[in-house]
Structure formats: C-alpha cells, structure tokens
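Residue numbers (the numbering used here): 6 to 449.
Only one structure is covered here, and it is reproduced in the block below.
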Ligand SMILES: Nc1ncnc2c1ncn2[C@@H]1O[C@H](COP(=O)(O)OP(=O)(O)O)[C@@H](O)[C@H]1O
Ligand SMILES: [Mg+2]
C-alpha cells in the first residue's frame with residue numbers, strides 16, 4: 006500500500022512540498038489540510054480538508070490513517086500540532102511547541118546562543134516594560150526593534166529605514182509591548198542577508214543550498230517589508246557575495262544551536278531549521294531562526310532536490326525506524342533558481358498609495374519553461390480571483406542565473422490582472438549591487 010502523508014498548510018511553500026512528495030518514487034497519497042483551498046495542492050492531493058481550526062487536523066489525520074505528517078507553516082508549530090500528532094503515534098516533520106520557541110520567541114534564540122556561547126548574536130537586550138528602553142537605544146543606536154512573537158514577517162522595525170527619532174522609537178516600543186508583552190532591541194547589522202534551510206533528524210543537519218530572499222515590496226529594495234517578494238539560488242550552491250568559508254560558519258551556528266536545543270529541552274529537533282543570516286564585515290551574524298521552510302525559499306531548494314523527498318521526511322520524523330539522514334546521500338541539482346511572487350497591486354503598500362482596481366480576476370498566460378506555485382487565490386466558475394495576500398509564485402531554473410531570471414520574469418509578466426511583481430529579483434544589475442555592497446563593507 007502507498008504511504009499516506011498528511012500535509013498541513015495552504016501556501017506556495019506547501020504547494021512546493023506537495024510537488025516534491027508527488028515526485029517520490031514511492032508515490033505517496035497526500036492528505037492536505039489547509040486553511041484556504043490551494044488549487045495547486047488540491048490537484049496533487051488524494052483528499053483535501055479546508056478548515057481554520059488546528060484542532061481539526063488531529064481528527065483528519067486519524068480518519069485518514071496517515072503514517073507521516075509534514076507541517077509547513079509556523080502557526081501550527083506554535084499551537085503544538087507536532088506534539089499532538091506525535092502523541093497519536095504519527096511521525097512528524099516539524100518540531101514540538103517547546104523546540105519551536107527558537108522561532109516563536111525571538112528572545113529565546115538570542116538567549117540560547119548567549120548561554121551556549123554560540124557565535125552570531127548581535128548586541129541585544131530583552132525588554133518587558135518601557136523602563137530602560139530610551140537609555141539602551143541612546144547607547145546602541147542604530148538599533149532594530151523586534152516584537153518577541155510571530156508577526157508574519159511584518160513586525161520588525163529598523164532605525165534609519167522605518168523610524169528615525171527617539172519619540173517614534175518609544176511610541177513603537179510601547180505599541181509592541183502592549184501587543185507582545187516582550188521585545189528584543191538589538192544592534193543594527195550591515196551586510197547582505199541569506200537564508201540557510203537545513204533538514205534535521207534530531208542529530209544530523211543537512212543544509213540545502215543558501216538562498217537570498219527579497220522582503221521589500223518594491224524594485225530596488227524600497228517600500229515596506231512583506232512576507233517576501235522572491236528569492237534566488239546560484240548554480241554553485243553559494244551566493245555571489247558569499248564564500249564557502251562563510252557558509253560553513255552559518256552551518257556551524259545551526260548545528261551548534263540544534264545541539265544546544267537538545268541539551269536545553271531533552272528533545273530531539275525533527276524538522277526543518279532555517280537560519281536567517283547577515284553576512285557582515287565582522288563575519289556571519291544571526292538575524293533569526295525559523296522552525297520551518299521559508300515561503301518562497303522552499304520553492305528554490307525543493308526544485309533542486311534530487312534525493313527522494315519522502316525518504317528524507319521519513320528519516321527526519323523517525324530515524325529510529327528509517328535510519329538517520331547521515332545514511333542518505335542528499336543531492337541538489339547544480340542549477341540556478343529564481344522565484345518571483347506575483348502579488349495584488351496594492352499588496353504591501355501604504356493605504357495612501359493604493360490604486361483603484363476594477364477586477365480581481367487573475368489570468369495565467371503562457372508560462373514557458375517556468376513552474377507555477379499557487380499561494381493565496383480562490384477559484385469559482387468565473388475563474389481565479391486575487392485575495393489580499395500574495396497570489397502565485399513562478400520559478401525559473403537554468404544553468405545560469407540570468408537565464409533562470411529570464412524564465413521567471415517572462416512567466417511573471419504572463420500573469421494578467423491587477424497584479425505586480427519585482428522585476429529586479431535575480432537580475433545581473435541587482436546582484437552586482439549586492440556584491441559591490443559587500444565589497445565596500447569588507448574594505449571599511
Ligand atoms: N539586527 C538586525 N540588523 C539589521 N537588520 C535586521 C536585524 N534584524 C532584523 N533585520 C531586518 O529585519 C528583517 C526581519 O527581521 P527578522 O528577525 O527576520 O524577523 P521576521 O522575519 O520575524 O519579521 C530581516 O530580514 C532584516 O532585513
Ligand atoms: Mg525573517
């Protein structure tokens with residue numbers, strides 16, 4: 006009988022996870038649980054459940070008699086879904102609630118690194134009241150203000166980019182403290198960011214190729230932070246500004262953090278661990294950890310994966326039964342990838358800049374060699390409709406980055422409606438700027 010796999014989540018990241026599972030030579034049956042119907046996942050799944058209460062996942066998993074679960078987003082990890090599924094005897098890709106604190110509480114990661122003397126922390130301080138905030142900012146500016154809890158990538162504010170005066174800073178801190186009860190204030194780092202996503206079976210970590218993400222809404226890295234507008238990887242599994250030695254530093258930080266988590270909690274971390282790093286003139290620094298794949302960075306690396314993804318997931322979730330990741334030769338194609346998100350035209354813009362739109366219909370034209378991943382859309386007899394969130398992502402993959410970019414760009418332009426995308430992601434011009442930026446910082 007085919008393996009039965011539960012997949013939780015409804016974004017483009019989970020569409021990529023479903024596509025990777027569907028490519029497995031074991032041809033698993035996919036049981037998809039989602040908050041919102043994703044037509045891409047639905048097309049690959051044997052059964053779909055749409056519901057917005059995580060408690061419902063447990064009954065669905067039991068009814069479908071799944072033998073493995075994969076949790077895509079951070080919400081259900083914070084809820085404790087991995088704990089509940091494991092309790093039911095279902096091996097799960099995704100850490101327990103306690104281990105997921107590495108993402109769900111920013112102060113937890115900072116304090117863990119400090120306690121275990123792992124390199125990569127900027128100077129930081131955790132605050133639960135406004136007392137002392139002014140003094141700390143005065144002594145450490147420029148700083149970054151971070152809510153302690155999850156914000157969907159839209160909560161962090163950076164001095165000089167999102168605010169400048171002390172009055173603004175204090176007002177923002179008060180707001181954050183009311184909503185999140187705690188916050189981290191840290192030194193503002195300068196450099197280039199990259200994401201390192203790793204498979205982890207509790208003991209062994211296997212890094213995927215590093216990815217560079219683009220959070221800013223507008224071309225040239227202008228505008229507000231979004232969930233992400235796109236990402237790229239290089240064919241040599243480095244990045245144009247990142248040396249092998251620096252990638253090793255980042256991998257080492259992830260490895261030591263997983264060991265520290267085990268010592269701290271007594272629990273093995275079974276899932277994906279994502280390190281968000283900043284390469285600075287002083288070496289590799291940690292921005293944050295995520296307890297799952299990035300959306301869209303999952304698309305880049307899963308498209309490159311040559312090893313059977315079901316096999317990897319089984320070893321992550323249950324190394325006792327299937328053997329550890331150290332016994333598997335995990336390989337990625339030597340190709341470059343570029344992902345571009347197509348978003349509603351008003352997505353991530355301040356209200357004053359919104360434009361009036363006449364229709365929310367989305368038409369998908371000739372995508373050429375690109376692959377399409379659905380994110381937030383809804384369909385009816387009239388066709389596909391936009392929501393308020395990111396609509397679809399397109400992936401270009403080719404031996405050269407410029408070629409991958411061209412494939413993704415042409416596909417993004419072939420998606421018609423009241424939409425927008427970042428035409429600069431993966432272009433030679435933007436990449437040259439990033440390389441130059443790093444060169445200048447290293448020279449200083
Ligand atoms: N210490 C820092 N120095 C400079 N920029 C930072 C720092 N911390 C975060 N940022 C910027 O803010 C973005 C979001 O911060 P992050 O910690 O990743 O939170 P989240 O993804 O939860 O919003 C980062 O991608 C980075 O661009
Ligand atoms: Mg982040």
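Using N, Cα and C, we set each Cβ at its ideal position, and we do this for glycine too.
Contact between the region 38 to 52 and the region 414 to 429 is absent: fewer than three C-beta pairs spanning the two stretches fall below 8 Å. Sorting 47, 409, 194 and 275 by C-alpha distance to the C-alpha of residue 91 places 275 at the top. Annotation: the continuous alpha helix (DSSP H) that includes residue 411 extends over 406 to 418.
Spanning the alpha carbons of residue 161 and residue 184 requires a straight line of approximately 13 Å. CA-to-CA, the gap between residue 201 and residue 280 works out to about 5 Å. Pairing residue 302 with residue 227, the inter-Cα distance amounts to about 20 Å. Within 7 Å of the C-beta of residue 293 there is at least one heavy atom belonging to ligand 2. Under the DSSP definition of a beta bridge, residue 221 partners with 230. Spanning the alpha carbons of residue 172 and residue 32 requires a straight line of approximately 58 Å. Here DSSP, grouped into helix, strand and coil, assigns residue 50 to coil. In the DSSP assignment, residue 39 falls outside any alpha helix (DSSP H) and lies within the beta strand (DSSP E) extending over 34 to 39. CA-CA distance, residue 429 to residue 7, rounds to 43 Å. Of the heavy atoms belonging to ligand 2, none sits nearer than 7 Å to the Cβ of residue 16. Taking C-beta atoms as the reference points, residue 142 and residue 114 fail to come closer than 8 Å.
Judged by DSSP secondary structure, residue 202 falls within the beta strand (DSSP E) whose first and last residues are 197 to 206. Counted as a single uninterrupted DSSP element, the alpha helix (DSSP H) harbouring residue 80 occupies residues 79 to 84. Within 10 angstroms of the beta-carbon of residue 405 lie fewer than 16 other beta-carbons, which makes it exposed.
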